[in-house]
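A.B. asks: Take this structure first; my questions come after.
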Amino acid sequence: MPAELRLAIATPARVCVDDLPIVSLRAEDASGSFGIRAGHVDFVTLLRASVVRWRTAADTRSSATHDVTHYAAIDGGVLRVTRGSRIEIACREAVLGESLAELDAIVRGVRAAQLDEKRRARVDETRLHAQAMRRLLTYLRPEHAKDGMHAPLKPETLE
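Note that our numbering gives residue 172 to position 126 of the sequence shown, counting from 1, and the numbers run on in steps of one.
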């Protein structure tokens, strides 16, 4: 049985945790919550959007006498255990925190920034669509063009 378990968490943009020695890990998939310790059988599962937590051994140089728990909020992903000694998580997004309260605040901030970015993208998309439609109309109705090619449309009068 391997004595040490190592963790790696990666997103397409970065490696969040790289080969970190841990004591245990808890995660959640479609069947519910589960735990992994050193010596676990090889395993692959799809994680749902949730909080993954793991414990690292107490640092002998500090005053801590018990294991330290760390957290990562993930946006779904794949967890793989190999040789009972390595856990790898690949996910779209991961936010790390040292406490649930800290993680909650960070996730709320990240989510607000993402929503704001989506809102801005929708506004830009609408603006580009309107510009494209105006440009198409100038080509479809060249009689309205001042320079013979491009000009704003004038309202038509009914006769």
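Heads up, the beta-carbon is just placed ideally off N, CA and C, and yes, glycines get one too. These numbers were taken from a predicted model, which means no experiment stands behind them.
For V169, does the three-state DSSP call read helix, strand or coil?
C.D. replies: DSSP places V169 in helix when its eight states are reduced to three.
A.B. asks: Quick one: any contact between the segment 118 to 135 and the segment 84 to 96, if contact means 3 or more CB pairs under 8 Å?
C.D. replies: Cβ pair count under 8 Å is three or more, so yes.
A.B. asks: Could you tell me the distance, in whole angstroms, from the CA atom of M47 to the CA atom of G85?
C.D. replies: Legend: pLDDT at M47 = 49, less than 50; position of this residue unreliable, value from coordinates given subsequently. The alpha-carbon atoms of M47 and G85 are separated by roughly 5 Å.
A.B. asks: Output the distance between the C-alpha atoms of A73 and T91, rounded to the nearest integer angstrom.
C.D. replies: Distance between the alpha carbons of A73 and T91 is about 10 Å.
A.B. asks: Please report the distance separating the alpha-carbon of D65 from that of A151.
C.D. replies: C-alpha separation (whole angstroms): 26 Å.
A.B. asks: Kindly indicate which residue of L149, V87, L71 has the alpha-carbon position closest to the one of F80.
C.D. replies: It is L71.
A.B. asks: Count the other C-beta atoms from every protein chain shown that fall within 10 angstroms of the C-beta of V61, then say buried if there are 16 or more, exposed otherwise.
C.D. replies: Result: exposed.
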